[in-house]
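So the structure is just underneath, and the comments pick up after that.
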Amino acid sequence: DERAGVIPLPPGAVGDARGRPSFLQTDELREVPVGDFRRRVGVVDPVLWDQVRHLAR
């Protein structure tokens with residue numbers, strides 16, 4: 146499910162008890178403390194990384 150302005154996250158990336166996939170919306174600005182990232186869920190898809198890497202600058 147690819148939608149404009151949506152970055153898909155793998156199941157387990159957030160604290161969803163059912164393991165459902167989640168997403169980030171690129172038109173929302175949110176501050177998230179590093180400590181809120183509790184676990185590593187795998188390698189980011191290189192195509193997705195190419196789309197979002199500029200957002201960290």
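In the working numbering, the protein residues as written are 146 to 202. Built from N, CA and C at the ideal position, the CB exists for glycine as well.
Per the DSSP secondary-structure output, Leu-169 pairs in a beta bridge with Ile-152. Of the candidates Glu-176, Ala-158, Ala-149, Ala-158 places its Cα closest to the Cα of Val-189. Gly-150 is a Cβ neighbour of Thr-171, given a cutoff of 8 Å. The beta carbons of Arg-165 and Pro-156 sit closer together than 8 Å.
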